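With this note's numbering applied, the sequence shown covers 450 to 1203.
Quick reminder that beta carbons are idealized off the backbone N, C-alpha and C, glycines included.
All values derive from a computational prediction rather than experimental measurement.
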Amino acid sequence: MVAVAVAAAVGVLLLARAGGAAGDEAREAAAVRALVARLVGPGPAADFSVSVERALATKPGLDTYSLGGGGAARVRVRGSTGVAAAAGLHRYLRDFCGCHVAWSGSQLRLPRPLPAVPGELTEATPNRYRYYQNVCTQSYSFVWWDWARWEREIDWMALNGINLALAWSGQEAIWQRVYLALGLTQTEINEFFTGPAFLAWGRMGNLHTWDGPLPPSWHIKQLYLQHRVLDRMRSFGMTPVLPAFAGHVPEAVTRVFPQVNVTKMGSWGHFNCSYSCSFLLAPEDPMFPVIGSLFLRELVKEFGTDHIYGADTFNEMQPPSSAPSYLAAATTAVYEAMIAVDTEAVWLLQGWLFQHQPQFWGPAQIGAVLGAVPRGRLLVLDLFAESQPVYTRTASFQGQPFIWCMLHNFGGNHGLFGALEAVNGGPEAARLFPNSTMVGTGMAPEGISQNEVVYSLMAELGWRKDPVPDLAAWVTNFAAQRYGVSHPDAGAAWRLLLRSVYNCSGEACRGHNRSPLVRRPSLQMNTSVWYNRSSVFEAWRLLLTSAPSLAASPAFRYDLLDLTRQAVQELVSLYYEEARSAYLSKELTSLLRAGGVLAYELLPALDELLASDSRFLLGSWLEQARAAAVSEAEADFYEQNSRYQLTLWGPEGNILDYANKQLAGLVANYYTPRWRLFLEALADSVAQGIPFQQHQFDKNVFQLEQAFVLSKQRWSLALCPGWSTMAQSLLTANSTSWFQAILLCLQAYTTTPG
450 MVAVAVAAAV
460 GVLLLARAGG
470 AAGDEAREAA
480 AVRALVARLV
490 GPGPAADFSV
500 SVERALATKP
510 GLDTYSLGGG
520 GAARVRVRGS
530 TGVAAAAGLH
540 RYLRDFCGCH
550 VAWSGSQLRL
560 PRPLPAVPGE
570 LTEATPNRYR
580 YYQNVCTQSY
590 SFVWWDWARW
600 EREIDWMALN
610 GINLALAWSG
620 QEAIWQRVYL
630 ALGLTQTEIN
640 EFFTGPAFLA
650 WGRMGNLHTW
660 DGPLPPSWHI
670 KQLYLQHRVL
680 DRMRSFGMTP
690 VLPAFAGHVP
700 EAVTRVFPQV
710 NVTKMGSWGH
720 FNCSYSCSFL
730 LAPEDPMFPV
740 IGSLFLRELV
750 KEFGTDHIYG
760 ADTFNEMQPP
770 SSAPSYLAAA
780 TTAVYEAMIA
790 VDTEAVWLLQ
800 GWLFQHQPQF
810 WGPAQIGAVL
820 GAVPRGRLLV
830 LDLFAESQPV
840 YTRTASFQGQ
850 PFIWCMLHNF
860 GGNHGLFGAL
870 EAVNGGPEAA
880 RLFPNSTMVG
890 TGMAPEGISQ
900 NEVVYSLMAE
910 LGWRKDPVPD
920 LAAWVTNFAA
930 QRYGVSHPDA
940 GAAWRLLLRS
950 VYNCSGEACR
960 GHNRSPLVRR
970 PSLQMNTSVW
980 YNRSSVFEAW
990 RLLLTSAPSL
1000 AASPAFRYDL
1010 LDLTRQAVQE
1020 LVSLYYEEAR
1030 SAYLSKELTS
1040 LLRAGGVLAY
1050 ELLPALDELL
1060 ASDSRFLLGS
1070 WLEQARAAAV
1080 SEAEADFYEQ
1090 NSRYQLTLWG
1100 PEGNILDYAN
1110 KQLAGLVANY
1120 YTPRWRLFLE
1130 ALADSVAQGI
1140 PFQQHQFDKN
1150 VFQLEQAFVL
1160 SKQRWSLALC
1170 PGWSTMAQSL
1180 LTANSTSWFQ
1190 AILLCLQAYT
1200 TTPG
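Right under this line is the structure:
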């Protein structure tokens, strides 16, 4: 009976969108042909034949591609959907041409003639969905994007086989229409919305008001952008997930409807009720279906629908009652507001709430939520399954379909990190779980454009029925494809990284960068890591020795910079430990030596290094925000939003350094002054024989942090010279000063770089 119920649930879900109509085949094939031209140019694109044929699918709902030809003939790429054809194209470019498509820069040197495909290669997905995004990705990475950047991302999604993704831009414009129709004033609406960099948490009910309001131009531009995003996603046959009403309302609703039954929720993220403590409609209140259906009807009228909607009522917020009856009613109210507008609605729920507050979400509470929606109409994202899967302790979400997701990165931090072994084996384990209701795999990072090896593996696993058999060989091949040529030292460096930073396990394993480098300094900082730092230093040396052969590759230059940045991050921890030990031993000379190296040599060297690549410039980061504006005042406002997110996050450092980045300008003008103030305070304490006062330091350093956020200083978009010619400079006596500083610091801890 259990197996029958599971099959029924999965079957209902597949009906949501098991592939578009046959009439869409031509449109999807045209989208992939245009993608080929964007990738390789119109001339070489003529060597590819692309078609989309629904009948190619081996089973309903399972994407399938087929490859053939090449050599003297055109390469034939066929797919059951546009996404399947794009994934087949990517497979050909990767495995037959040795090419690589990446956030940090693609390597697309096509061999001529194009390699032939032996016979006919056909591949089908083991599951229906390959999901992408986290609600937070919208704020940590996408917030300032224009259409050109979105176009590149949707191309990346198609090539990596993504067929289910959030599409949440523009929803505030729809909410504004609804609130005005309900009788709220424009002032009340403006006071409710957060600023652009914090919309993700406004959408989940965690925040309101903070660093707002949204300018009128924001709504207009986001509506335009959402239409283009949806059109492009649908042209490939992807299923965009639109937002739905989760139950949170502005406080002003109680003015318009004095009898409305609302609960004021608790605070979130160390914010007070000026910015959190959202108002949640009671599920039985008559306004719940009214507001929910008004919003969804207006949304669908504007954007159309693909029948899957996302909503999160209790994300990191404890419900007002643990009674199963209340939780079931709250869940039912959200779902019924959906089906009142769209009878085919499927609810996409982030399963983070079950993982985040396990002490609240016991079996009865989880069961109340999962059982309140018909089986197959609730699609759960097991959001952090590579580390803390929920399906194993909920009997596969009690029969509701779920997607095994890799979260990987919190806050969009820089820092080498991954759990490749767990990622590699996780999807197969979930498929083999008793009575499994797994219907897909997913990538759900809070922030993107980092640690691309992890996402390349996860995307490949969406098409594999079993794990990669040899990860060491896989990362070696990954490096060769990424750089366009195989190099023994580069391959060895990647194998070292696989065994160290990308083999996260144990108590010290974290997906959020807590390096002392990017944290407000204290004497209690945790420097433990799950790997041997010498592996990072040796990998850096090996990659450095590859520079004369590989420096022409933009991806190699990016990786060498990123690995050098990681080596400096490790050194900061080591010199911090020295300085702390010297303070505790009251050895002023040792404290001044270690602190001096950290704050006056390492950090300036890191800033200079980062300034050699536009992707690591604070100026570039902030310019994205300014470019989204239509006036100078609006540009200043957007820039301040971005500065807050990178640093204090809230007005009082409420989620301090959570979204930390290692950017030139941020290192020199935010992290470095903090460290110098801290080390000077330690030295003064030792010299005067008095204890270091952390509380007083926190008050003093907050002034520095706040001054950075509120500063009107503009940051350069110009690059420092030297890095582009590193093949000639790094290994010679003409090496740049920052390189010499890093090398000398490394030599204090290892003899391998020489």
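Check whether residue i and residue j have beta carbons under 8 Å apart
{"i": "Leu748", "j": "Val702", "result": "no"}
{"i": "Phe851", "j": "Thr886", "result": "yes"}
{"i": "Ser618", "j": "Leu663", "result": "no"}
{"i": "Ala778", "j": "Phe694", "result": "no"}
{"i": "Ala622", "j": "Gln587", "result": "no"}
{"i": "Trp912", "j": "Glu572", "result": "yes"}
{"i": "Gly889", "j": "Arg579", "result": "yes"}
{"i": "Arg677", "j": "Trp596", "result": "yes"}
{"i": "Leu1066", "j": "Trp1124", "result": "no"}
{"i": "Gln899", "j": "Leu966", "result": "no"}
{"i": "Val783", "j": "Thr762", "result": "yes"}
{"i": "Ser1002", "j": "Gln556", "result": "yes"}
When the options are compared against residue i, the one with the closest alpha-carbon
{"i": "Thr712", "options": "Trp552, Ala1000 and Phe737", "result": "Phe737"}
{"i": "His668", "options": "Leu798, Gln625 and Gly661", "result": "Gln625"}
{"i": "Glu785", "options": "Gly651, Arg880 and Pro735", "result": "Pro735"}
{"i": "Tyr1024", "options": "Gly811, Leu1195, Trp596 and Gly1102", "result": "Leu1195"}
{"i": "Trp943", "options": "Leu992, Cys958, Ser983 and Gly960", "result": "Leu992"}
{"i": "Pro970", "options": "Ala1028, Arg931 and Tyr1007", "result": "Ala1028"}
{"i": "Tyr980", "options": "Glu956, Asn721 and Leu1126", "result": "Glu956"}
{"i": "Glu477", "options": "Gly568, Lys508, Val550 and Asp604", "result": "Asp604"}
{"i": "Leu743", "options": "Phe763, Gly696 and Ser1165", "result": "Gly696"}
{"i": "Gly554", "options": "Arg931, Val872 and Val917", "result": "Arg931"}
{"i": "Leu745", "options": "Pro807, Gln620, Gly651 and Leu830", "result": "Gln620"}
{"i": "Thr429", "options": "Gly1045, Gly874 and Ile1139", "result": "In the structure as shown, the chain starts at 450 and stops at 1203, and residue 429 therefore has no counterpart that could be examined."}
Unbroken beta strand (DSSP E) run spanning residue i, endpoints
{"i": "Lys713", "result": "Val711 to Lys713"}
{"i": "Arg579", "result": "Tyr578 to Tyr581"}
{"i": "Val566", "result": "Element bounds for Val566: n/a, residue is neither H nor E."}
{"i": "Trp853", "result": "Phe851 to Met855"}
{"i": "Gly517", "result": "Thr513 to Gly518"}
{"i": "Ser1205", "result": "Past the edges of the chain, shown from 450 to 1203, lies residue 1205, and the structure says nothing about it."}
{"i": "Leu525", "result": "A quick correction: the sequence has Arg, not Leu, at residue 525. That run of the beta strand (DSSP E) goes Val524 to Gly528."}
{"i": "Asp831", "result": "Leu827 to Asp831"}
{"i": "Leu691", "result": "Thr688 to Pro692"}
{"i": "Thr754", "result": "Element bounds for Thr754: n/a, residue is neither H nor E."}
{"i": "Gln1143", "result": "Gln1143 -> not in any beta strand (DSSP E); alpha helix (DSSP H) instead, spanning Gln1143 to Leu1159."}
Where the alpha helix (DSSP H) containing residue i begins and where it ends
{"i": "Phe846", "result": "Ala844 to Gln847"}
{"i": "Glu1129", "result": "Thr1121 to Gln1137"}
{"i": "Ile623", "result": "Gln620 to Leu631"}
{"i": "Trp605", "result": "Trp596 to Leu608"}
{"i": "Ile788", "result": "Pro773 to Ile788"}
{"i": "Tyr932", "result": "Leu920 to Tyr932"}
{"i": "Thr703", "result": "Val702 to Val705"}
{"i": "Ala817", "result": "Pro812 to Gly820"}
{"i": "Tyr1049", "result": "Element bounds for Tyr1049: n/a, residue is neither H nor E."}
{"i": "Phe1005", "result": "Pro1003 to Leu1033"}
Same chain only: Cβ atoms within 8 Å of residue i, ignoring 5 sequence neighbours per side
{"i": "Gln1015", "result": "Gly864, Leu865, Val950, Val985 and Trp989"}
{"i": "Phe882", "result": "Tyr840, Thr841 and Ser845"}
Proximal residues to residue i (C-beta, below 6 Å), its chain only, five neighbours per side dropped
{"i": "Ala1190", "result": "Glu1050 and Ala1054"}
{"i": "Gly741", "result": "Phe694 and Ala786"}
{"i": "Ile897", "result": "Ser590"}
{"i": "Gly940", "result": "Thr925 and Ala928"}
{"i": "Arg826", "result": "Val795"}
Same chain, Cβ closer than 7 Å to residue i, neighbours up to 5 away in sequence not counted
{"i": "Ser935", "result": "Ala929"}
{"i": "Leu947", "result": "Leu869, Leu920, Ala921 and Val924"}
{"i": "Cys726", "result": "Lys713, Met714, Gly715 and Ser716"}
{"i": "Ser964", "result": "Gly864, Gln1018, Val1021 and Ser1022"}
{"i": "Ala480", "result": "Gly531, Ser684 and Phe685"}
Would you call the region 716-730 and the region 671-691 in contact, with 3 or more CB pairs under 8 Å?
With a cut-off of 8 Å, the region 671-691 and the region 716-730 do not count as touching, because too few Cβ pairs lie within range.
Check whether the region 1104-1120 and the region 1043-1061 touch, using three or more Cβ-Cβ pairs below 8 Å as the test.
Result yes; three or more Cβ-Cβ pairs closer than 8 Å.
Would you call the region 1032-1039 in contact with the region 1130-1138, where contact means no fewer than 3 C-beta pairs closer than 8 Å?
Yes, the region 1032-1039 touches the region 1130-1138.
How do the region 513-532 and the region 496-505 stand: do at least 3 beta-carbon pairs fall below 8 Å, yes or no?
Contact holds: three or more Cβ-Cβ distances are below 8 Å.
Check whether the region 534-549 touches the region 505-522, counting contact only when three or more Cβ pairs, one atom from each stretch, lie closer than 8 Å.
With contact defined as three or more Cβ pairs closer than 8 Å, the region 534-549 and the region 505-522 are in contact.
The region 1088-1097 / the region 1155-1163 touching (three or more Cβ pairs under 8 Å):
Cβ pair count under 8 Å is three or more, so yes.
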